[in-house]
Amino acid sequence: MRVFVAGATGYIGRAVVEALLARGHEVVAFSRPRAGVKSALGEAEVVRRFGGAEVRFGDVTDPASVRERGFAGEAFDAVVSCLASRTGAPADAWRIEHEANLNLLRAADRADHFVYLSAICVQHPKLAFQHAKLAFEAALAEAPILHSIVRPTAFFKSLSGQVERVKAGRPFLVFGDGELTACKPIAEAELAAFMAEVIEAPGRFGRILPIGGPGPALTPRAQGEMLFELLGRPPRFRHVPVRLLDAIIGGLGLAGRLVPRLADKAELARIGRYYATESMLVRDPETGHYDAAATPEYGDVTLRDHYTRILREGMAGQELGDHAVF
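Going by our numbering, the final residue of the sequence shown carries number 346, and the count climbs one at a time with no gaps.
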């Protein structure tokens, strides 16, 4: 198949390009001229990293750039969007999660199938980026194109932010007792493989597809215990009360009325509180209960495997960039 991938240099997008190439598909990867974490990659480096794919450069926030430099009037069997806001701040979230994806959708008039990488957290939306994702999901569902919406649970990268902290001898931070939430995290390569399968599987067209990695579901405390065990050290935790986040959010919210950049900081604190109190599992909309058993699993790579690798090889490829919290 001929596949157009937007967000190709991102954490998941990069893996999606590799998975599609491995399956023999022809891939056009659409990238910013300066890409990667903190825009560290120039065009030559992006092209080098995507050997086997055709790389095109443009601006997803510019409809003309998407249409002319990206799609260039050509037909595609599938379009895959891995676009995501770098910060989660409201303006950036709506600009990328919603408007940029609409630019792709409108330009994809010669494509057969649109696969959108969303997130499982949109089941219970409280944040700007979640509402932006849902608005695009709704637009995609109404568009005259076959579509699939993939909603993954936590990425391994998002659970790696405390590895260096623990290696340095510091305690693992948990909110409350460390048992407030749970998730079935999924490796980037296996999520990418799942998305490549979605392109090839008519039975997954027109569907919302929640997906996690191999179980069991892990709480933050279990993640910390795993890290300490792999390091051969007794577990040490520092318990952070959720009410501390509430106080930070309240203070930044008030200050943000006077200083706009502090309003964005308040949203980052809200994002932190959300992930501190909401599980990344399938949620029953009637009861509000998060159900590990109802959360589909895919792949074989576990979080333990991931921690073992990065403790041995380092954090290359797992940098959080603007998403760093700890």
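Note that CB positions come from ideal geometry on N, CA and C, so glycine has one too.
Check: Buried versus exposed call for Pro240 [16 or more other C-beta atoms within 10 Å across all chains shown]; Outcome: buried
Check: Exposure label - Leu278; buried when at least 16 CB within 10 Å; Outcome: exposed
Check: Residues that Cys203 bridges to, as DSSP identifies them; Outcome: Leu238, Met300
Check: Reference Asn123; option with closest CA among Leu147, Glu65, Thr81; Outcome: Thr81
Check: For Ser101, three-class secondary structure by DSSP; Outcome: strand
Check: Cβ-based neighbour list, Leu272, same chain, cut-off 7 Å, excluding 5 preceding and 5 following; Outcome: Leu282, Lys285, Ala286, Ala289
Check: Assigned exposure category for Gly244 - 16 Cβ within 10 Å defines buried; Outcome: buried
Check: Same chain only: Cβ atoms within 6 Å of His133, ignoring 5 sequence neighbours per side; Outcome: Ala98, Leu166
Check: Cβ-based burial, Arg68 [other Cβ within 10 Å; buried from 16]; Outcome: exposed
Check: Alpha-carbon spacing of Tyr318 relative to Gly44, whole angstroms; Outcome: 22 Å
Check: Through-space distance from Gly93 to Ile206, alpha-carbon basis; Outcome: 35 Å
Check: Residue from Pro254, Asp320, Glu46, Phe192 whose Cα sits closest to the Cα of Gly232; Outcome: Asp320
Check: Contact check, Ala159 vs Lys204, beta carbons under 8 Å; Outcome: no
Check: Contact under 8 Å by Cβ, Leu247 with Phe192; Outcome: yes
Check: Where Leu318 falls: helix, strand or coil (DSSP); Outcome: For clarity, residue 318 is Tyr in the given sequence; the question names Leu instead. Correct three-state label for Tyr318: coil.
Check: Alpha-carbon to alpha-carbon, Ser180 and Tyr310; Outcome: 23 Å
Check: Where the beta strand (DSSP E) through Phe134 begins and ends; Outcome: 133 to 137
Check: Rounded separation between Phe346 and Gln182 - CA only; Outcome: Reliability fails at Phe346, whose pLDDT of 39 lies under 50, so the model's placement of it is uncertain and no value is given.
Check: Candidates Gly62, Gly90, Gly252, of which the one nearest Val48 by Cα; Outcome: Gly90
Check: When Glu38, Ala26, Ser138 are compared against Arg87, the one with the closest alpha-carbon; Outcome: Ala26
Check: Other residues of its chain near Val142: CB distance less than 6 Å, five sequence neighbours each side excluded; Outcome: Gln150, Lys153, Leu154
Check: Cβ pair Ala148, Ala174 closer than 8 Å; Outcome: no
Check: Pro305 classed as buried or exposed, judged by whether at least 16 other C-beta atoms fall within 10 angstroms; Outcome: exposed
Check: Paired residues, beta bridge with Gly232 - DSSP; Outcome: Glu317
Check: CB of Val218 within 8 Å of CB of Leu211, strictly; Outcome: no
Check: Cutoff 6 Å; reference Ala120; Cβ partners in own chain excluding five residues on either side; Outcome: Val80, Thr81, Leu103
Check: Between the CA atoms of Met215 and Phe96 - distance to the nearest angstrom; Outcome: 16 Å
Check: Extent of the continuous alpha helix (DSSP H) run through Leu331; Outcome: 323 to 333
Check: Three-state secondary structure (DSSP) of His343; Outcome: Its pLDDT being 48, under 50, His343 is placed unreliably in this model, and the value from its coordinates should be taken loosely. Three-state DSSP puts His343 in a helix.
Check: Whether Val170 touches Val260 by CB criterion (8 Å); Outcome: no
Check: DSSP three-state assignment for His118, whether helix, strand or coil; Outcome: helix
Check: Per-residue DSSP class, three states only, for Pro172; Outcome: strand
Check: Cut-off 6 Å between Cβ atoms - residues of its own chain near Ser105, not counting five sequence neighbours on either side; Outcome: Asp112, Ala113, Ile116, Glu117, Phe149
Check: Contact under 8 Å by Cβ, Gly348 with Ile291; Outcome: The requested residue 348 does not occur in the structure, where the chain is confined to residues 21 to 346.
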